[in-house]
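Counted the way my numbering counts, the sequence shown spans residues 93 to 1090. Each residue gets a CB set at the ideal place from its N, CA and C atoms; glycine is no exception. Predicted model only: the values in this text are computed from it and were never measured. Here's the structure we're looking at; comments come further down.
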Amino acid sequence: MAFVKDMLRMWAHSWKRFISIAMITLLGVAVLTGIYAGCRDAFRSTDRFFDAQGLHDVQVLSTAGLSNGDIAALRKVNGVAKVQAERSQEVTFDLDGRKSATMQEIGTNGIDQPYLQEGRMPKKAGEIAVTRKFIRDSGKHIGSRLTVTPESASSDTSDTSDTNGADGTNETNGTDEAPSFPTKLTIVGVVLDPQNLSNPDGYSAMTSFRSTATTDYTFFAPSDGVTGTLCTSATLLVKGAAAESTFDESYENTVKQVTDRIDGTVKTDRQKARRQELLDAGNRKIADARAEADKKFADAQSQIDANRQQFNQQVDQIVSMQAGAAAAGAAANGANAGAAAAAGATTPQLDETTRETMRETIIAASPELTQAKQQLDQAQSQLNEQKASTEQTLKTKENELKTSIPQVRWYVQDRQSLGGFSALKSDLDSIQSLGNAFPIVFLLVAVMMSLTAMARMVEEDRSLIGTYVGLGYGRLAVASRYLLFALLACLIGGGLGLIAGFLGIPAFLLVVLQGMYVMPGLRLEYDWLYGSLGIALFVVGVLAATIYACVQEMRQTPASLLRPKAPRAGSRILLERIRPVWNRIGFLGKVTARNIFRFKSRLIMTVGGVAGCTALIVCGLAINDTVADLGIKQYRDIYRYDLMVVSDDSDASAMRTKVASDGRVTSSLDVRIESGDLTVAGSGDGDSGKAGSSGSESIQLVAVPEKHLSDLGEMVTLQPVSSGILGTSGVGKTGSLKLDDDGVIVAQSAASALGVKAGSKVRLTNGDGVQATAKVSAVNRNLIGSDVYVSETYYAKLFDSKDAKNTKNSKSSEDSEALTWNAMLAKLSGSDTSQTDYAESLEEDSSVMKAVSCAHMADSFKFDLMGAVVALIVALAGGLALVVLFTLANTNVSERVREMATLKVLGFFDREVHHYVNREMMILTVMGVILGLPLGRLVGGMLTMALNMPSLYFEVEVKPLSYVIAAVATMAFALLVQLFVNPVLDRIDPISSLKSVE
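Take a look at the structure:
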């Protein structure tokens, strides 16, 4: 009992150490679990939402649409739980200019169901549900009416149908038709599209740019009123996928098994079958056209034959009359009147030659008959020419049918292809990577501080330990006094850390996340396993340090422990050997120097602890500086143009005329801008960037006219980059990069996320959904957005003439349909404010779809999520620095109580004692700061390398002010600790402290 009471008394006496260990554990556990828990809560709530709304696991697209046979084939694939045929149509409407939307049929099989936020779901033809973004932009409300106009090419499927229509095969078979939706609409509900969780009032709404091929809005309509049997896509749910978390690798593996099966046999077979359907439909139409033409020609020939027969009868009648009159005249001159009478009573018989001669004579003598004969001959000639021409045309169609119908291509995509899904996943993964890295530093500091504190605690009880061991107490029982002390401090600190880690920090992060994404059903959850392991990690670290301290003392005999520990032997320090410096240092300065360098453990612990805390602060500020400069670097340095104007293809000429007439442009470059995807499939052969790399990135595909390739460098800074170390990248000379016809230039922000480098092969998807494999000729410095630059010729080679016979010999876009330059990059005159105002005024023009001012983007770019995380990290690092300095200062004082008492006996005033002790701590703190500043830059570089966010590349930037702030903050914490230490020094009693150990 006395042993326990003495142990409790010892614990109470060491309350400062207890608080220090508890606080360090609290901060470490909070950092370890907090960021993880916030991301995990977001992951889980989003996964539940996706499961509830039936977000598709796999989506199948086709360049020729999907028929009932395609849907039936997908249903037979092993592992497919549900298949839903999707019908959609692109429409336009007037909303402060021309806007576009996708009319999406609400599926009847429970896949991709919109989430109702207000009103009700549409049920009747003409009713629609819209997104909150549309409500915000349009000012409309539930009950408002809207009239839309279908696009001439409403989708990839309709594009294919239109193309086939030129060849007489616009119907894929006898029944399939492209989808068509009602045009007079009524808003009955506001919904959230499960494929895009972006908050329209958050960060993404302010900074994202959606190019021409992506519609501005999505309208959801019921099946009632939708016509057309051809499907634009098919969405699938995979068996067992809903049981997995959509963000885990197990989910990806489950889905990949199904996509591999589709890619393996179904895709190839159905592509061939679908093309054969198109060929059969074309042949049927040609056969129908030939039959119809033959019928028309037969009718026309019958009419001509009837008219010619009537004409011949008229001529023959005249011939007969003339022949009869001639015979009667001859008989009248004869002798026999009876013979004459008999001859006049009958028509003389004429041979065919004589009759034909008379016909020609009669026709030639009559202008009317001559004209009638010419008309008949001309009609017959025209009919014969039409027959020959039609037959030739049909034969040409038959010969061209196989080449005119392109190969049907299927595109099998998973959730990673959804821009909203991949953006959310990448954001959370990147933030979680910070949460995985920072606790390592906290754990190292916690172990160092625990070792320092517990070693001093054990050393103070040296004689007591010797007494207990001499009385027969086991060494384990004696060590349990300190092990239980450290364990209790860790458990209490860890428990408080779990409260902060699973409640406080996640609540803070989720508030920021909800400003970027809409996540219904979000709630905070506790992870027992992770929380327990988090505490256990720090418990193991601190207990290991405590055990080490106990072992170091208890391995001695009780007799040795009962004797005071021999003072450390004096030795010279390196500074003493530098006589010119040493001789000029005062007495107290020499004492301070010896105290600092003789006690190596205290030096290492103090400098290491302060350096670690300073490095964390610098690291947080480095990330903040990097994010803060993204907008300025991108929109001031990389983008050299001032304005980007985008229009619909049909309004491109009007847009250029409008901009030119305003007189604000000093120079410009016409380009084509489309939204698409860049995909890298893991291969491991090195051709696709990093071995085994995979992923997809939404891109802005910029096609440049062949004659103006050299002008691109005037609008965009072209600098080749190569991967560096510690968050850096090798940047080439400005202007050393040129766009050519041998490959595409990929933005650094996309290349970094996907592991793409110069020489890699990637798969590009253009605005029409057509995919092609392209070579990456270079990676260009780019921080925001994922631009891919391609020449006009290479674009034509990739997409326009891909399935034509002359693809190999295609040297320019003249071999295919010319591109429409639907965008303009321009340099403007005037101030930043006037440029911003001009861009806003352009958006009001009906010919302009989007106008972006670089000056406005540079000033308005924000990244609230990263800023919030950085602020949290800096605050926690500052708290750790304060605890570390407090622990080290108290340990320093407790080790030197007799020394401080001696100084007081020698006549030192309290202020002088303060100065004597605090000067050492300040010098050690300065040494730690000096070491921590470059260490922070190092850690910041490594962390930013892990932040692979969509359309963002973090080019590490640490401003001099950040170094100053980190140094000043650490020094301020050191001065604050002095306010707590000085009273302790004042309370040292020289008499009791200098008593000999009895």
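| Item | Value |
| --- | --- |
| Straight-line gap, residue 689 to residue 665 (C-alpha atoms, nearest Å) | 7 Å |
| Assigned secondary structure, residue 900 (DSSP; H/G/I helix, E/B strand, else coil) | Note that residue 900 has pLDDT 36, beneath the 50 cutoff, so the model's placement of it is unreliable and no number is given. |
| Contact belief for residue 109 with residue 549 at Cβ below 8 Å, rounded distance in angstroms | 6 Å |
| Range of the contiguous alpha helix (DSSP H) that encloses residue 98 | 94–105 |
| Beta-carbon spacing of residue 70, residue 859 below 8 Å | Coverage of the chain is limited to positions 93 through 1090, which leaves residue 70 absent and any answer about it impossible. |
| Exposure of residue 188, with buried meaning 16 or more beta-carbon neighbours within 10 Å | exposed |
| Close Cβ partners of residue 291 (< 8 Å) along its chain, the five nearest in sequence each way excluded | 297, 606, 607, 608, 609 and 610 |
| Reduced DSSP category for residue 284 - H, G, I as helix; E, B as strand; rest coil | strand |
| Other residues of its chain near residue 855: CB distance less than 6 Å, five sequence neighbours each side excluded | 771, 863 and 865 |
| Integer-rounded CB distance, given that residue 870 should sit under 8 Å from residue 829 | 5 Å |
| Cα-Cα separation between residue 954 and residue 583, rounded to whole angstroms | 40 Å |
| Exposure of residue 615, with buried meaning 16 or more beta-carbon neighbours within 10 Å | exposed |
| Those runs of the alpha helix (DSSP H) which lie wholly inside the region 163–241 and span at least 4 residues | 224–230 |
| Backbone secondary structure at residue 616 - three-state DSSP | coil |
| Own chain residues within Cβ distance below 8 Å of residue 988, not counting five before or after | 1009 |
| Beta-carbon spacing of residue 940, residue 757 below 8 Å | no |
| Residue of 462, 1024, 518 and 242 minimising C-alpha distance to residue 712 | 1024 |
| Cβ pair count under 8 Å reaching 3, the region 371–388 against the region 173–187 | no |
| Residue 465 vs residue 455 beta-carbon contact at 8 Å | yes |
| Residue 328 versus 173, 697 and 1047, residue with shortest Cα-Cα distance | 173 |
| Boundaries (first-last residue) of the beta strand (DSSP E) holding residue 738 | 735–738 |
| Exposure of residue 228, with buried meaning 16 or more beta-carbon neighbours within 10 Å | exposed |
| Residue 476 versus residue 396 - alpha carbon distance | 12 Å |
| Secondary structure of residue 674, DSSP reduced to three states | helix |
| Top-ranked residue by Cα proximity to residue 281, from 835, 289 and 314 | 314 |
| Residue 443 - DSSP class collapsed to helix/strand/coil | coil |
| Span separating the alpha-carbon of residue 448 from that of residue 494 | 53 Å |
| Residue 643: CB within 7 Å of a non-hydrogen atom of the ligand SAM | Absence of the ligand SAM is noted for the structure shown, with no ligands found whatsoever. |
| Backbone CA spacing between residue 749 and residue 501 [nearest angstrom] | 38 Å |
| Touch test, the region 623–642 against the region 575–594, Cβ-Cβ under 8 Å, three pairs minimum | yes |
| Nearest neighbour of residue 604, chosen from 651, 680, 668 and 520 [CA to CA] | 520 |
| First through last residue of the beta strand (DSSP E) which encompasses residue 153 | 150–158 |
| Simplified DSSP state of residue 962, which is helix, strand or coil | helix |
| Backbone CA spacing between residue 1064 and residue 970 [nearest angstrom] | 10 Å |
| Reference residue 1086; option with closest CA among 996, 293 and 1075 | 996 |
| Span of the alpha helix (DSSP H) around residue 802 | Run containing residue 802: none; DSSP gives neither H nor E here. |
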